[in-house]
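In what follows, a structure is listed as C-alpha cells, so that the remarks can point back to it.
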Amino acid sequence: MELLSLAIWMPIAFGVALLALGRDSQARAVRWLALVGSIASFLVTLPLYLGFALGTSGMQFVEKVSWIERFNVHYHLGVDGISLWLVLLTAFINVIVVIAGWEVITRKVNQYMAAFMILSGLMIGVFSALDGILFYVFFEATLIPMYLIIGIWGGPNRIYAAFKFFLYTLLGSLLMLIALIYLYVASAGSFDILTWHKLPLSGSVQTLLFFAFFAAFAVKVPMWPVHTWLPDVHVEAPTGGSAVLAAIMLKLGAYGFLRFSMPIAPDAAREWGMFIIVLSLVAVIYVGLVAMVQQDMKKLVAYSSVAHMGFVTLGFFIFNPLGVSGGIVQMIAHGFVSAAMFLSIGVLYDRVHSREIASYGGVVNTMPKFAAFALFFAMANCGLPGTAGFVGEWMVILGAVKFNFWIGLLSASALIFGAAYTLWMYKRVYLGPVVNEDVKALTDINSREFLVMALLAAAVLYMGVYPKPFTDVMDSSVLDLLKHVAQSKLP
C-alpha cells in the first residue's frame, strides 16, 4: 500500500478494530490500542514530509486506480505544498486527542476512540483526494463520526448541537455536489480536479460555481454570517471533539477555497474577492468584539476561532504570495493553538465541571505548572512574536498592506482585540487570590496532561521561532496557484 493510502486507511482500520473490542471492561486495552494506532498513523505521514521534493508545484505521492469505471471515477490521491502540512497536522492532533481523553472518557471508550481514529483517516482523505467524487465522499463522511462524538459524549444540549452542526454543513455541501456534477458534464465526463482547473468557463458559470462552492466551504470555515453553529457545537462537544473541530475540521473549508473555488473559477474569484475580504474583516473585528463579552470560556475561544479563520480567508483573497502563504501558515498555527486552548479549558472542566469564567479566579495559586502552559497558549492566541500564532497573522497583515493600506490597518486591529479578550479571560481565571473552595481544592496537572501540554507547546514554539520548513514546502504551490488565478479562463 502506498504512503497516502496508508495514512488514510491505517487509522480507519484501527478504528474498526477498536469497535470490535466492545465492552468498557476492556477500556485499558482499548486506550493502548488507540494510542498505538494514532502514533503509528502519525509516523506513516512523516515520510511524506521527508520525501517531499521542494521547488515543484506538482502533485507528489500520486496514486490513481479506477474506482467506478462507468462514471470515470478514480481513487486518485496526491499532495502538494498546500495540503502536505494539513495531513501531518491531522495525524499529530489525533495523537494528542487520544492521550487527552485517556482518563476523562469512561463510557463507551472503544466507540469514542474509534470515532476519532476513523475521523482522522477521513480528514486526511479530504486533503489528499484529487477526484471530485472521492473528495465529496470523504468531505461528507467526516460529518458522521463528529456527529456521534457530539451527540453521545457532549453536554446537556448535545442533540440540538449535533443536529445543528449536521444540518448546517450538509445543506451547504448539497450545492457543492451540484457544482461537481456540472463540472463532470462540462469536462466531457471527468471527475479529475486538476482537469477542472484547466476547463474554460463563461463568467456567469464561474460565478454560479464560485457561490456553490462558497456555500459549502464558508459554512465549514466558518465565515461570518454563517458561523452561528460553531459556538453552540463547541460548548456542547466533549473536549477532544472541540479540539479536533477547531484544529482540523474548520480547515477543510479553507482548503476547499484553494483547491476548488480559486483555481476552477479564477475570474469569479477575482470579481468577488472584495466581497470575501469584507466578510473576513467583519469576522476578524466584529466577532472579536463578540468574543470579548462571553462569560463561557469555550464560547470565547469558539468566537476567537472564527476571528482567526477570518485571517485565513482574508489572506487567500488578497491574491499575493505573502497573503496566501500567510493564510496557510495561519491554518496550521491555529490548529496547534486552538487545540491547546480547548484542551486547557478541558483540564479545568474535568476538575470543577464549569466553563463559566466567574467560577474561577486565582488558579495560578493551586495549579502553577498548568497556569504557565495556559499563559503561553494565551500569548500564542494573541499573536505574540516567537509563537506560531504570530507568523501567519503577520504575513497576512503584510500582504494586506501591500494590497491596500486600509485593509491592512483594519486586519491589524484584530491583534488588539485578540489580546484584549484572551488576556482578560486569563486574568479573571488564573490571576489574583483564590476565589472559592473549588479553586482551592484544585490539583496541578498530572504527567499525562503535562505531556499533552508540552507536545503542543513545543509545536507552537517551534513554528513560531523557525517557520521556514512550513513556508518552504508551500512556496512553489502558492506561486503556481496565484499564476493560475491571474489567468482568465473565459472561453
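Each residue of the sequence shown is one higher than the one before, starting from 1 at the first, in UniProt numbering. Ideal placement from N, C-alpha and C gives every residue a C-beta, glycine not left out.
C-alpha distance - residue i paired with residue j, whole-angstrom precision
i, j, result
"Pro200", "Glu356", "54 Å"
"Ala13", "Pro47", "20 Å"
"Phe138", "Val429", "40 Å"
"Asn446", "Met453", "11 Å"
"Asp438", "Val352", "6 Å"
"Thr142", "Pro11", "13 Å"
"Val435", "Lys427", "13 Å"
"His74", "Ile248", "25 Å"
"Asn404", "Leu281", "13 Å"
"Gln111", "Gly55", "43 Å"
"His484", "Pro321", "13 Å"
"Val284", "Gly418", "9 Å"
"Val44", "Gly51", "12 Å"
"Met425", "Gln295", "9 Å"
"Gly203", "Ser354", "52 Å"
"Ser120", "Trp9", "10 Å"
"Gly101", "Phe390", "29 Å"
"Lys108", "Trp406", "52 Å"
"Ile152", "His234", "14 Å"
"Leu33", "Ile124", "20 Å"
"Ala340", "Ser242", "10 Å"
"Phe373", "Ile345", "12 Å"
"Ala161", "Gly253", "19 Å"
Enclosing alpha helix (DSSP H) for residue i [first to last residue]
i, result
"Lys64", "Element bounds for Lys64: not the alpha helix (DSSP H) but the beta strand (DSSP E), 60-68."
"Ala333", "321-352"
"Met474", "468-486"
"Ile149", "143-153"
"Arg28", "27-50"
"His197", "193-197"
"Phe405", "405-430"
"Leu363", "The amino acid at residue 363 is misidentified as Leu; the sequence shows Val. Run containing Val363: 363-366, per the alpha helix (DSSP H) assignment."
"Gly253", "250-256"
Three-state secondary structure (DSSP) of residue i
i, result
"His76", "strand"
"Asp131", "strand"
"Asp296", "strand"
"Glu236", "helix"
"Asp444", "coil"
"Glu437", "helix"
"Glu356", "strand"
"Ser120", "helix"
"Glu449", "helix"
"Glu271", "helix"
"His308", "helix"
"Gly172", "helix"
"Thr207", "helix"
"Glu103", "coil"
"Thr90", "helix"
"residue 492", "Given that the chain is displayed from residue 1 to residue 491, the structure contains no residue 492 and the question cannot be resolved."
"Thr387", "coil"
"Met379", "helix"
"Leu18", "helix"
Within 8 Å, strictly: CB atoms of residue i and residue j
i, j, result
"Val401", "Gly408", "yes"
"Ser41", "Ala91", "yes"
"Gly189", "Leu130", "no"
"Gly310", "Gly323", "no"
"Thr366", "Leu442", "yes"
"Leu194", "Gly132", "no"
"Leu35", "Val98", "yes"
"Ala191", "Asn381", "Sequence check: residue 191 is Phe here, not Ala. No, the pair does not count as a contact, with Cβ atoms beyond the cut-off."
"Tyr286", "Trp224", "yes"
"Ser57", "Asp472", "no"
"Lys220", "Thr169", "yes"
"Phe135", "Ile150", "no"
"Ser261", "Phe213", "yes"
"Ser325", "Val226", "no"
"Tyr349", "Thr239", "yes"
"Met176", "Ala218", "no"
"Asp475", "Gly81", "yes"
"Gly327", "Ala307", "no"
Nearest neighbour of residue i, chosen from the options [CA to CA]
i, options, result
"Val244", "Tyr303, Asn72, Phe213, His334", "His334"
"Gln330", "Ala419, Ala339, Trp394", "Trp394"
"Gln487", "Tyr421, Tyr49, Ala53, His197", "His197"
"Gly256", "Ser38, Leu167, Ala302, Ser83", "Ser83"
"Leu456", "Val62, Gln60, Gly81, Val95", "Val95"
"Gly37", "Val62, Ala186, Phe116", "Phe116"
"Phe210", "Asp232, Val185, Pro266", "Pro266"
"Phe319", "Gln295, Leu398, Ala307", "Leu398"
"Ala29", "Ala114, Leu6, Arg70, Lys64", "Ala114"
"Gln60", "His76, Leu89, Pro231, Leu343", "His76"
"Ala412", "Leu423, Pro145, Val396, Pro469", "Val396"
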